[in-house]
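Report on one structure; see the data block that follows.
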Amino acid sequence: MSRHTAARVSSQLDARLEALNSARELAEGVLPEEVLQDVLRLLERATSRRSLSADHTVVGFFGATGSGKSSLFNAVSGAEIATAAVRRPTTTEPLAGVWGAEGSEPLLDWLDVRSRHHAAPVPGFADEETGLILLDLPDFDSTRAANREIVQRMVGMVDVLVWVLDPQKYADNAVHNGFLAPLAAHGSITLVVLNQTDRLPERDVRPVLESLKGILAVDGLGQVEVIGASAVTGAGVDRVRAAIRHVVVRRQASSQRLTADVSRAVARLRDASGAGEAAGVRPGSKTRLADALASAANVPLVVGAVDRSYRLEAARRTGWPVTRWLLKFRPDPLRRLNLRSSAPSELSRTSLPPAGAPERARTDAAVRQFADDASAGAPGPWRAAIRDAAREGRERLPDALDQAIAGTDLLAARKSWWWPVFNLFQWLALLTVFGGLGWLGVLAGLGYLQLPVPDVPRVEGWPIPTLMIAGGAALGIFLALTGKFIGAVAARARATTARKRLRAAVGEVAQALVVEPVDLEVSRHRSFNTALDKAGAA
Numbered sequence: 001m002s003r004h005t006a007a008r009v010s011s012q013l014d015a016r017l018e019a020l021n022s023a024r025e026l027a028e029g030v031l032p033e034e035v036l037q038d039v040l041r042l043l044e045r046a047t048s049r050r051s052l053s054a055d056h057t058v059v060g061f062f063g064a065t066g067s068g069k070s071s072l073f074n075a076v077s078g079a080e081i082a083t084a085a086v087r088r089p090t091t092t093e094p095l096a097g098v099w100g101a102e103g104s105e106p107l108l109d110w111l112d113v114r115s116r117h118h119a120a121p122v123p124g125f126a127d128e129e130t131g132l133i134l135l136d137l138p139d140f141d142s143t144r145a146a147n148r149e150i151v152q153r154m155v156g157m158v159d160v161l162v163w164v165l166d167p168q169k170y171a172d173n174a175v176h177n178g179f180l181a182p183l184a185a186h187g188s189i190t191l192v193v194l195n196q197t198d199r200l201p202e203r204d205v206r207p208v209l210e211s212l213k214g215i216l217a218v219d220g221l222g223q224v225e226v227i228g229a230s231a232v233t234g235a236g237v238d239r240v241r242a243a244i245r246h247v248v249v250r251r252q253a254s255s256q257r258l259t260a261d262v263s264r265a266v267a268r269l270r271d272a273s274g275a276g277e278a279a280g281v282r283p284g285s286k287t288r289l290a291d292a293l294a295s296a297a298n299v300p301l302v303v304g305a306v307d308r309s310y311r312l313e314a315a316r317r318t319g320w321p322v323t324r325w326l327l328k329f330r331p332d333p334l335r336r337l338n339l340r341s342s343a344p345s346e347l348s349r350t351s352l353p354p355a356g357a358p359e360r361a362r363t364d365a366a367v368r369q370f371a372d373d374a375s376a377g378a379p380g381p382w383r384a385a386i387r388d389a390a391r392e393g394r395e396r397l398p399d400a401l402d403q404a405i406a407g408t409d410l411l412a413a414r415k416s417w418w419w420p421v422f423n424l425f426q427w428l429a430l431l432t433v434f435g436g437l438g439w440l441g442v443l444a445g446l447g448y449l450q451l452p453v454p455d456v457p458r459v460e461g462w463p464i465p466t467l468m469i470a471g472g473a474a475l476g477i478f479l480a481l482t483g484k485f486i487g488a489v490a491a492r493a494r495a496t497t498a499r500k501r502l503r504a505a506v507g508e509v510a511q512a513l514v515v516e517p518v519d520l521e522v523s524r525h526r527s528f529n530t531a532l533d534k535a536g537a538a
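Using this note's numbering, read the sequence shown as starting at 1 and increasing by one per residue.
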């Protein structure tokens, strides 16, 4: 592989690993921890392997008891390396045949392979320039748990997997369901050898090989090379060597292995996540949520109080002065709800009725419906995450809504421009009435005292004092009725403004406690899908 090609492959793998890690981080708390831990272990393995020798290819020989795996290992190596097994400290240790000792030690340390044999060159197969490490591993069906653990670990670490099967157990479910099928994505770095073909009649070798290929196709490994061989007679050994050398000299095995691992991890994440895309937060859903919360938070009650409070204040300031003082005994609807408080909004509380079971039920239903609308189309785990995000702020909604209403400026302290005008004319009308009454009173007093009573000016025959009393009273009544009408119109306008402000305040609470958390989860799901698509891009 050229240096340019190697750099391009490395860059692509970098991008895929980075995207896979992003997908894993985004899925934390949503997908099963077991799946995420498997992905994390893969990322850690990839980081470790890429920091070690890229000039060496690690080829592992895997097989069941009695498959002749060690014998084939020796035949391929051209020496009785595996005969040293009886002299190894324990039978749980893998054995390494190394061609190209320089730079191999850190890699073998990472693999935790302590038994190392610097193999002699094999013409046409491997020498010190090849950079090949062959591993003879314990039987995967060993009765010893330690042996099985080594095999499981090495399956995830070697660059190339050579599966050594025998004619008697080549269809065994243990190898196919336990190892081969789960590694279907690793076909480019997998080789299957049917060993001990010398035990079969010659006429049966091809049918058995075809049968094995059919089973592998079912496993998803239909493109894997299958070689018939015999470690005893040497038949097929050269083909095994050639297949291994073909992979080694290209110096792509470790990258291909990691690429296959990434593809497998992506598939696991997709299976765990499921397919689909969340509908997301839509304006109509936000509006319905805010309307439902406003109703549950007694906004209509507050709006009604704003209307009545304005009417009462207008009547107090523009009504007939003779009777308006009676209105002081009527309680202000806003003050009764503690909505004229000057305390900071974060400290203030209203006196609105506490949320009862019906209000809480309406709030829960509104939040649930909003979450259902936003999560529509999302797969199960993400749909649950979006719903959970919506429910998290639900317990804080009553207090937050109460604070929002308490902190909303309802314009309760704002005076209308027409109040002082009407008030001035009301007092002028009242003074006119009192002036007429006083005039008539003086005239009556003079008559009572038998003093000369001056003539009273008249207009169209009506005494001016009488006209003052009637006109003042009529003007006062007219101003009171007109003020009541204007007050009703202005009260509706102020109530409309209050409704808009309260609705906006409720909307801000809904945005902070429900909409934003849901939107964040929806965005997280979309980012997860994007990262997963990038990680899965070949």
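C-beta atoms are modelled at their ideal positions from N, C-alpha and C, and glycine is treated no differently.
Reduced DSSP secondary structure (H/G/I, E/B, other) of residue i
i: D166; result: coil
i: P463; result: strand
i: E590; result: The displayed coordinates of the chain run from 1 to 538. Any statement about residue 590 would go beyond what the structure contains.
i: F61; result: strand
i: L135; result: strand
i: T259; result: helix
i: R330; result: coil
i: R206; result: helix
i: R458; result: strand
i: E44; result: helix
i: T197; result: helix
i: F140; result: coil
i: P32; result: coil
i: P534; result: One detail in the question is off: residue 534 reads as Lys in this sequence, not Pro. Here K534 sits in helix by DSSP.
i: G436; result: helix
i: Q450; result: coil
i: L320; result: Looking at the sequence shown, residue 320 is not Leu but Trp. Three-state result, W320: coil.
i: T90; result: With a pLDDT of only 36 at T90, under 50, the local geometry of the prediction cannot be trusted, and no value is derived from it.
i: A181; result: helix
i: R250; result: coil
i: N338; result: coil
i: D38; result: helix
i: S11; result: helix
i: V232; result: coil
i: E80; result: coil
i: E105; result: helix
i: S53; result: coil
i: D238; result: helix
i: A171; result: coil
i: A27; result: coil
Residues that DSSP places opposite residue i in a beta bridge
i: R116; result: A96
i: V160; result: V59
i: A126; result: V122
i: L191; result: V162, E225
Whole-angstrom C-beta distance between residue j and residue i, which should lie under 8 Å
i: R324; j: R316; result: 6 Å
i: G319; j: V514; result: Incorrect: roughly 45 Å between the Cβ atoms, too far for contact.
i: G214; j: A181; result: That belief does not hold up - the Cβ atoms of G214 and A181 are roughly 14 Å apart, past 8 Å.
i: A620; j: V506; result: In this structure the chain extends from 1 to 538, so residue 620 is not present and cannot be described.
i: R501; j: Y310; result: Actually they do not touch by this definition, with Cβ atoms about 14 Å apart.
i: G377; j: G276; result: 5 Å
i: L132; j: W99; result: 4 Å
i: P333; j: A305; result: 4 Å
i: V192; j: V76; result: Not really, about 14 Å apart at Cβ, beyond 8 Å.
i: S115; j: L95; result: 5 Å
i: V456; j: L475; result: Contact flag wrong, Cβ pair sits at about 21 Å.
Interface flag, residue i vs chain D, CB-CB below 8 Å
i: S255; result: Looking for chain D here will not work: only one protein chain is present.
Would you check if the stretch 101-109 and the stretch 148-156 touch, i.e. whether three or more CB-CB distances between them fall below 8 Å? Flag = no, the stretch 148-156 and the stretch 101-109 do not touch.
Any contact of the stretch 28-37 with the stretch 379-399, i.e. 3+ C-beta pairs under 8 Å? As far as the Cβ criterion goes, the stretch 28-37 touches the stretch 379-399, which means the pair count is three or higher.
Pairing CB atoms from the stretch 47-64 with CB atoms from the stretch 239-248, are three or more of them under 8 Å? Touching, per the Cβ criterion.
Which runs of the alpha helix (DSSP H) spanning at least 4 residues fall entirely within the stretch 476-529, listed in chain order? If we require 4 residues or more, the stretch 476-529 turns out to have no alpha helix (DSSP H) run fully inside it.
I want to know whether the stretch 293-310 touches the stretch 369-379 - three or more CB-CB distances under 8 Å. Judged by Cβ distances under 8 Å, the stretch 293-310 makes no contact with the stretch 369-379, as fewer than three pairs qualify.
I want to know whether the stretch 430-440 touches the stretch 478-494 - three or more CB-CB distances under 8 Å. Per the Cβ contact rule, the stretch 430-440 is not in contact with the stretch 478-494 (fewer than 3 Cβ pairs under 8 Å).
Counting Cβ pairs closer than 8 Å, one from the stretch 500-516 and one from the stretch 279-290, do we hit at least three? Result yes; three or more Cβ-Cβ pairs closer than 8 Å.
Tell me whether the stretch 161-180 and the stretch 135-142 touch, counting them as touching only if at least three CB pairs, one residue from each stretch, are closer than 8 Å. Contact between the stretch 161-180 and the stretch 135-142 is present, because at least three Cβ pairs lie under 8 Å.
Three or more C-beta pairs closer than 8 Å, one from the stretch 219-234 and one from the stretch 250-266: is that the case here? Counting Cβ pairs under 8 Å, fewer than three are found: no touch.
Pair every Cβ in the stretch 514-533 with every Cβ in the stretch 19-29, then say whether three or more of these pairs are closer than 8 Å. Here the stretch 514-533 makes contact with the stretch 19-29; the two share three or more CB pairs at distances below 8 Å.
Please determine if the stretch 456-473 and the stretch 404-417 are in contact, where contact requires at least 3 C-beta pairs separated by less than 8 Å. No, the stretch 456-473 is not in contact with the stretch 404-417.
Are three or more beta carbon pairs between the stretch 64-77 and the stretch 231-243 nearer than 8 Å? Note that the stretch 64-77 touches the stretch 231-243; at least 3 beta-carbon pairs, one per stretch, sit closer than 8 Å.
So within the stretch 348-436, which uninterrupted alpha helix (DSSP H) runs reach at least 4 residues, ignoring any that extend past its ends? Qualifying alpha helix (DSSP H) stretches, in chain order: 357-375, 380-392, 397-406.
Whole alpha helix (DSSP H) elements within the stretch 256-313, 4-residue minimum: Counting only runs of 4 or more, we get 283-296.
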